[in-house]
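Chains as they are written, first to last, in full-length UniProt numbering: chain A, 1 to 162; chain B, 1 to 162; chain C, 1 to 162; chain D, 1 to 162; chain E, 1 to 162; chain F, 1 to 162; chain G, 1 to 162; chain H, 1 to 162; chain I, 1 to 162; chain J, 1 to 162.
We put the CB at the ideal spot given by N, CA and C, even for glycine.
Step one of this worksheet: look at the structure below.
Here's what the structure looks like:
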């Protein structure tokens with residue numbers, strides 16, 4: 001059994017039982033929506049306790065439940081550039097705004113990156129009379145480039161408030 | 001003169017005059033930071049009034065000022081996948097979380113996309129005792145797929161609250 | 001069951017029953033042809049009412065009918081550049097005329113794009129003594145780039161009639 | 001002198017003299033807008049009479065005028081997939097709607113293609129209270145696949161009205 | 001059943017019955033060899049009469065016969081650049097001689113292309129004492145670029161004999 | 001001086017002196033048109049005698065003349081797939097007809113290839129009341145795969161008339 | 001049955017019967033090792049007599065035996081650049097030494113290529129006290145570019161000893 | 001001035017003055033060798049104090065010195081896969097050993113990654129009678145995937161010692 | 001049976017029997033962890049003795065055991081660039097630090113490479129109060145480029161201590 | 001000065017002075033032809049003594065001479081797949097014969113590779129009445145995969161004569 005086969009099976013169950021992701025997330029337990037749905041789509045792992053509840057709710061086998069707790073080979077179901085319009089828009093935002101984002105983050109924080117691992121994201125509906133909006137809040141720990149071997153007087157990464 | 005040559009010249013001026021983006025943004029006028037910096041890096045255009053102020057502050061020629069008001073061929077300075085670590089992390093976030101984002105947005109809003117055109121973004125420092133965080137807030141208008149020719153009883157896009 | 005398997009099955013049924021797309025479209029109900037055929041080929045979704053009629057006409061199972069109402073991962077059955085000559089011609093038209101289209105649309109509408117979501121298309125035969133022509137009419141809402149944070153005096157997107 | 005250098009020079013002149021494409025098109029003479037602008041951007045050629053008028057209006061040299069009448073190596077200034085959002089939307093429309101377009105054109109016309117050479121296109125503003133729309137009308141001669149060597153009773157290309 | 005599966009089945013039958021393409025072509029009826037073999041390999045369609053004879057000769061089912069009359073998604077079994085040496089040589093000829101071919105065809109015919117749709121090809125053995133040669137004769141209709149909207153005095157495409 | 005710079009210079013001279021390829025070919029001497037034009041475009045070499053005459057006619061320096069006799073790094077000015085429509089049609093013909101060409105050549109000649117080195121090509125106008133045609137005649141020596149080490153009874157390459 | 005399936009089956013038989021390639025080559029008959037093993041791996045064809053012996057030795061069916069005599073679609077099981085280190089080294093040798101090889105072969109032989117069709121290769125162990133070496137001897141017929149249409153005084157290809 | 005131009009200039013100075021990297025590193029000050037050399041090659045930034053010393057030693061201008069303190073667009077001078085053999089071996093090691101490294105790191109540390117930002121590396125000569133060896137020591141902080149929103153009983157990332 | 005199928009089967013057994021890699025490595029015998037796990041994942045071979053023990057522990061068939069001793073086609077399960085974050089970080093480290101690594105290794109050792117074949121690697125946990133670290137120690141034999149044919153006075157590869 | 005600029009300059013000198021590679025190699029001194037020519041084309045380095053003689057013969061500056069002794073970034077002037085026919089044939093030979101070469105080398109030598117660093121190559125004319133042949137002799141040290149950590153009874157790499 002591959003992780004792709006498990007994902008396909010979960011989507012079949014969801015269709016057969018006419019479940020929503022919201023119902024599945026609630027039955028799985030407490031964790032960010034995007035992480036639970038990501039795990040069921042083969043991009044994240046579920047902690048053991050959540051995997052057990054999710055498997056029970058969906059009617060998975062013990063072996064399938066255990067596979068949900070394994071770290072998957074991430075990123076393999078996402079053709080890049082994305083062919084799907086919903087996903088492509090995020091790719092485009094990065095392509096167009098990337099240079100400015102790099103300059104603004106570095107001027108504020110110094111040399112480093114926003115972590116994609118110690119990272120949280122929420123997706124919400126933002127009501128708007130001109131048409132509701134998708135609001136996406138991302139928060140990732142800033143990780144400064146470490147200057148190993150640098151003498152004591154060297155500030156960490158050229159940060160403004162270093 | 002190409003837009004790339006203008007961008008390079010602006011970066012040279014910024015270095016020579018030891019300016020920060022914050023100073024340049026303030027001198028340019030009122031508009032989202034990411035749009036002003038994006039325009040100076042050749043990814044956006046500046047409205048005429050802002051271009052005039054920015055050019056005056058930086059010491060650009062009339063012709064350079066006018067070029068700043070032209071819509072550029074966007075996205076050409078962003079190799080994809082990004083080779084730069086700061087930018088790559090956003091690419092990775094899309095690759096890994098994309099499948100879940102698609103499912104969650106569609107379950108909430110129905111068939112459609114978040115606009116990358118009617119779109120706003122802010123980047124902030126989020127103080128945190130375990131290490132400050134980069135907070136990125138995105139908000140884009142939801143655009144439902146239009147079902148042209150569909151009869152009157154058909155809801156717009158399969159949305160929950162359609 | 002994957003969406004590709006459903007598409008293949010629909011094509012098998014169409015062949016076995018010697019149906020035309022026109023017959024299938026009529027049996028499915030009121031909506032643009034390109035949307036109905038697109039859904040049956042796995043690129044669009046069918047509203048519930050239309051999926052029910054289409055499934056009844058083709059003899060699909062309940063599960064297959066429901067899958068027709070799901071938003072597919074779009075664009076995955078279209079190798080780019082297209083290997084098929086009929087499709088390649090459109091790709092070529094974009095490659096050759098793209099620069100002029102960008103200039104003409106922007107001069108007329110200002111900075112922005114034609115929506116690919118709020119978009120309608122019709123394909124017709126245009127009789128011509130020198131050989132009939134394929135007439136394709138596209139109409140997409142113009143979406144101006146939003147200048148968030150811009151002061152009140154700034155016109156929306158540099159449009160001629162802004 | 002390369003064609004790219006000529007294109008860049010024309011854009012410099014347009015910026016310096018604060019010309020619009022509409023003014024340039026009118027000064028160049030009678031031909032579809034998209035063809036004239038395409039030629040000035042290095043994707044089409046101008047007939048001699050139009051090249052002369054265009055060159056006079058823009059102030060080009062004899063050699064530059066002559067280059068405008070040469071057939072260019074088309075398509076080389078269009079990175080594919082397009083990085084620019086305005087152009088990408090057309091690429092996406094082809095990727096998403098391509099399979100349906102192929103089926104619908106073939107069912108109506110039989111085996112063949114829409115010509116990209118005997119082809120006309122117009123771009124217009126379509127006023128709409130919900131937001132003006134970009135209307136693009138394309139018309140290309142249908143070219144049936146020729147069945148060379150086929151006996152007399154064989155219809156040209158499986159066309160409906162063959 | 002996919003078109004690839006049909007192709008594979010035809011190759012199995014050919015191997016089992018020890019048939020040559022020449023025998024199959026003769027049994028299928030009158031049409032250029034390259035078109036008949038192309039159709040059996042999934043790149044062309046067979047007119048109904050020829051599909052019936054071909055299917056009878058090979059022992060195909062009704063459904064398989066009908067699939068032979070469908071226009072295939074062309075070009076999908078040809079990796080490019082070709083990995084096979086016989087096919088690669090044609091690719092190389094285009095790469096090396098392409099620039100000269102473009103100049104010579106345009107000088108003779110004006111701005112336009114050789115049609116790949118109204119196109120005929122024959123492959124023959126050309127006996128030669130220094131080693132027999134493969135002779136390939138191609139003939140495609142010249143299609144001049146149409147200058148839509150051009151005034152009456154403009155020759156069609158800059159042709160020598162326009 | 002690179003070969004590309006020489007090619008660009010020759011094109012500048014041709015434009016300035018308003019020469020046609022036919023005039024240049026005649027002044028260069030006796031050899032297939034496609035080879036002479038190919039050499040001037042940097043894809044072939046000219047024999048010394050022809051290089052001398054060509055250089056004299058065009059007004060090239062001794063060093064430029066000598067470069068024309070050097071074997072170039074072939075194929076570097078031909079983006080593949082070709083972006084230019086005239087060249088793309090040949091690419092498409094190979095993609096679509098390649099599988100049939102391979103079968104037909106191998107059934108006639110056995111295992112081997114048509115040489116792209118011992119190869120001749122001519123391009124002609126084929127008058128036709130329905131529209132003149134481009135006629136391309138190719139002839140390449142058939143090169144059978146050599147079965148080194150094979151015993152005496154083994155025919156060269158499975159050829160029909162081996 | 002595809003050629004890949006046959007290759008996989010031969011590898012299964014080899015594993016089950018614990019055969020070496022040397023044993024298989026000897027049982028197949030007289031021909032260069034690299035050609036026999038290449039055929040069994042789906043890259044070459046076996047002459048009929050050798051296919052019969054090979055099939056008998058391995059226990060293949062008549063249909064499988066016949067497939068071994070068919071010319072395969074070469075090169076499809078070799079991802080390029082090679083991911084396997086043993087194969088990559090040859091790729092690297094070409095990348096690094098290619099420019100020098102081109103110059104040296106052309107200075108000695110004139111304009112042309114080493115044939116990859118009339119080509120022989122042997123792989124041997126070269127004992128060496130500092131570590132045995134892999135010795136690869138290649139020999140391919142030199143094929144001079146033919147200057148079709150060239151006058152009588154033109155030497156074949158600029159060769160030193162032309 | 002671009003960063004590439006600065007890198008080229010530094011390499012010219014190093015060649016003219018016959019400097020070694022070791023001399024440059026010592027003159028620049030205290031920091032890991034790989035970081036200092038990386039900065040001078042345009043992949044890292046130098047802290048201000050070190051940039052000043054390095055610039056003085058090399059004879060750079062004030063503007064060049066300041067550019068050394070800017071964060072570069074990383075990774076743009078490294079074609080991937082690397083064409084250079086020394087660099088390719090590391091690429092190959094990752095391709096071949098990657099799957100095992102992923103399993104072993106995850107079994108030891110749980111779900112997460114080794115940081116490429118909080119990362120140190122040293123390169124040393126390891127004397128060996130059979131031939132000296134290159135010893136590379138890497139050390140990167142382990143960053144566990146954060147399970148945002150997970151309840152209190154959930155261990156951080158499935159780590160053995162979580 | 002393909003090597004991929006064997007890998008998948010081993011992962012299924014590991015999941016069913018709830019084994020860790022550490023248990024499997026210990027049961028397989030003495031050899032570097034990364035080599036044993038690599039072999040079980042289809043990237044390395046196991047010596048016969050170790051394959052026997054591993055197969056007995058996992059419950060593999062004789063044929064599967066024998067396949068473990070075969071040299072695999074390496075590198076085929078590693079998409080590059082890696083889509084998985086854990087693996088991508090190593091790719092990024094090479095892209096960013098590659099230029100400096102090349103300079104430092106060559107200055108110390110002269111012209112040559114670190115072997116990826118005579119190579120050893122160990123992965124360890126490095127406890128650290130600020131967060132444990134992944135320590136990776138690599139050691140590969142330095143292989144100097146051989147200057148074949150060079151006279152006696154030429155040092156091997158420009159090495160410092162040559 | 002970049003290495004590419006130096007290569008271009010050497011080719012200009014060679015053309016101006018009408019030198020052959022043979023003359024340059026002889027003037028440079030004793031080393032394999034392919035290495036000397038490779039160095040002058042920017043793919044190898046010259047030992048100091050040879051660089052001095054080569055520079056004197058060609059009339060290079062001191063700085064150019066020194067650059068010839070530097071290790072270049074190898075492989076960057078070789079587009080892959082090669083567009084040039086002479087070079088492509090070697091690429092094709094690897095693609096077609098690669099699988100057999102891997103099997104034959106591994107059966108003879110065990111698990112490992114032929115070194116591309118401790119490697120020698122010679123190119124010769126092999127006179128043949130049916131047409132002279134290019135003979136290429138390669139010899140590279142066999143490098144067995146090292147099984148680090150393996151117990152004493154384990155043979156090095158599964159070699160026949162291990």
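From the DSSP output, in three-state form, read off residue i for me.
| i | result |
| --- | --- |
| residue 135(G) | strand |
| residue 144(J) | strand |
| residue 149(F) | coil |
| residue 70(E) | coil |
| residue 107(G) | helix |
| residue 45(G) | coil |
| residue 126(B) | strand |
| residue 60(H) | coil |
Could you tell me which residues DSSP pairs with residue i in its beta bridges?
| i | result |
| --- | --- |
| residue 15(E) | Paired residues: none, contrary to the question. |
| residue 119(E) | 140(E) |
| residue 112(D) | 144(D) |
Applying the criterion that 16 or more other CB atoms from any shown protein chain within 10 Å of the CB defines a buried residue, is residue i buried or exposed?
| i | result |
| --- | --- |
| residue 92(I) | buried |
| residue 64(C) | buried |
| residue 106(A) | buried |
| residue 16(G) | exposed |
| residue 4(J) | exposed |
| residue 152(I) | exposed |
| residue 28(C) | buried |
| residue 98(I) | buried |
| residue 62(B) | exposed |
| residue 43(B) | buried |
Segment contact flag, the stretch 100-117 of chain I with the stretch 124-142 of chain B, C-beta cutoff 8 Å, min 3 pairs: no
Proximal residues, the UniProt domain "Cyanate lyase C-terminal" (76-148) of chain C versus chain F, C-beta separation under 8 Å: 81, 83, 85, 88, 92, 95 and 96
Validate contact between the stretch 57-75 of chain H and the stretch 80-88 of chain I using beta carbons, cut 8 Å, 3 pairs: no
Segment contact, 8 Å Cβ cut-off, at least three pairs: the stretch 47-66 of chain F with the stretch 142-150 of chain E: no
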